[in-house]
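Going by my numbering, the sequence shown opens with residue 837, and the numbers climb by one from there. Each residue gets a CB set at the ideal place from its N, CA and C atoms; glycine is no exception. All figures in this text were calculated on a predicted structure; none of them were measured in a lab. Read through the structure below, which is laid out as structure tokens, and then see the notes.
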Amino acid sequence: MKKIFGLSSFTDNDICKNIAKEPKNGNGKGLTAHHQKWYNIYMNNRAIYIKSIAGLLAVLAIFSAMPANAATFSYDPFGKYSNGDMNGFVCDIIGSIGLGCFFSSSTQAQSTADAEPNATYTGVISRKYTNTKISLVRVPGSNQVYEIIKGQKHLIPTAEIFFDYGFTSEMIQNIDAYQLAKYPRAALVRAYNDKDKIYYLTEGGMLRFMPNKKVYESYGGREEDIIELSQKEFNYYPKVKYVYLAQPINRDVFLIDGNTKKYLTPMAVMRLDITTDQVTPVNQYEFDFYKTGSPIIY
């Protein structure tokens, strides 16, 4: 049996001889009907082979482009790569470029089994810079990794920050969404090398300075709930500059400048191109803390 490109497409040497005589236009003219059929099979198999090689080269290119400590949790939302399921990970990539997956269906079963909570890993680790005892968790199927710290959950915003803390993907435990929801969000933070300044971390991922302890206590915050951030993570978050009074609802926008609040007219808001996500609500106590300065008209 003659094998071409590793495929048993032809059953006798005569067929190969006829193919060798094939006109250069590649349309199969001059072959018998029997040989024409096998010639067509050959051409189809060759096309599949070439496409498969191209797909595998694409996969190799993707892996070679990954940095040494690539953030597997950010780019691997189903945890296949970080959980060691390389077949499933490659299968996803091959499928994304239009090729079939050549791996056994047992891969998917194993991936599902890996989604169960890790029963052998205790999960308590010490993070770099602050030496705080934390656990790393993720809901299976999600690409968001949280620290469980001081009985609160804190979302790690980027892969770079994740690795800057000295974390690895092996440290991440699975947790179900119901259990994760039980933890309150960590809202009071400070840079680990500047313990005097406390900030409120908004749900939108911005830092608002808390001028004193009474201000954050007016929101129900406690000193023991404050978590420390690395300088890299602290610098990642933009700072809040614009506020409005939440209750009673007053959508007038104010610029916070030191210990002063300055009213911004609608014209000034438009000129500064301020968007709604840049303006955060404050309560009456925090609002009254700031002295009223000269308004910004335009």
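Bridge-paired residues (DSSP) for residue i
i	result
Met-1046	Ile-1034
Ser-971	Ile-984
Ile-992	Note: Ile-992 sits in no beta bridge, so no partner.
Gln-1009	Val-973
Lys-1098	Leu-1091
Lys-1127	Thr-1096
Ile-1063	Val-1025
Tyr-1078	Leu-1091, Val-1115
Ser-962	Lys-969
Ile-997	Answer is none; Ile-997 lacks a bridge partner.
Ile-1133	For Ile-1133, which the question treats as bridged, DSSP gives no partner whatsoever.
Alpha-carbon spacing of residue i relative to residue j, whole angstroms
i	j	result
Pro-1117	Thr-968	31 Å
Asn-979	Thr-1111	28 Å
Tyr-911	Tyr-1019	Because the pLDDT at Tyr-911 is just 31, under 50, the model does not fix this residue reliably, and the point stays unresolved.
Tyr-1134	Leu-1091	13 Å
Glu-1053	Ser-1066	24 Å
Glu-996	Tyr-1073	14 Å
Ile-1011	Asp-1124	42 Å
Gln-946	Ala-1017	Low per-residue confidence applies at Gln-946: pLDDT is 33, beneath 50, and the placement is therefore not dependable, though the value from the model is reported in the following sentence. Approximately 27 Å, taken between the alpha carbons.
Leu-972	Leu-1037	19 Å
Asp-1113	Leu-991	19 Å
Asp-1109	Thr-1101	12 Å
Ile-898	Phe-998	In this prediction, Ile-898 has a pLDDT of 47, which is less than 50 and means its spatial position is unreliable; what the coordinates show is noted afterwards. Going by the C-alpha atoms only, they are around 22 Å apart.
Glu-1059	Glu-1006	32 Å
Asn-1086	Lys-986	35 Å
Chain-order list of residues whose beta-carbon lies under 7 Å from that of residue i (same chain, five-residue window excluded)
i	result
Phe-1070	Ala-1027
Val-960	Lys-969, Ser-971
Val-981	Phe-909, Leu-972, Arg-974, Ile-992, Phe-998, Ile-1008
Cβ neighbours of residue i in the same chain (closer than 8 Å, five flanking residues each side left out)
i	result
Ser-962	Thr-968, Lys-969, Ile-970
Lys-1097	Val-1079, Phe-1090, Leu-1091, Phe-1123, Tyr-1126, Lys-1127, Thr-1128, Gly-1129
Neighbourhood of residue i by C-beta distance below 6 Å, restricted to the same chain and skipping five residues each side
i	result
Tyr-815	There is simply no residue 815 to check, as the chain begins at 837 and stops at 1134 in what is shown.
Pro-1047	Phe-1125
Gly-1057	Leu-1024
Cβ pair residue i, residue j closer than 9 Å
i	j	result
Gln-988	Asp-1088	no
Arg-974	Gln-1009	yes
Lys-1050	Tyr-1126	no
Tyr-1055	Val-1115	no
Arg-1044	Tyr-1035	yes
When the options are compared against residue i, the one with the closest alpha-carbon
i	options	result
Met-1103	Lys-1050, Ala-1023, Pro-1131	Pro-1131
Leu-1081	Ser-1005, Tyr-1099, Glu-1039	Tyr-1099
Met-1042	Gly-1056, Thr-1101, Tyr-1121, Pro-993	Pro-993
Ile-1063	Thr-966, Val-1025, Arg-1021, Lys-1049	Val-1025
Ala-1023	Glu-983, Ile-1085, Met-1106, Gly-1129	Glu-983
Gly-1094	Glu-1039, Asp-1113, Arg-1058, Val-1076	Val-1076
Asn-1119	Asp-1032, Gln-1083, Ala-1013, Thr-966	Gln-1083
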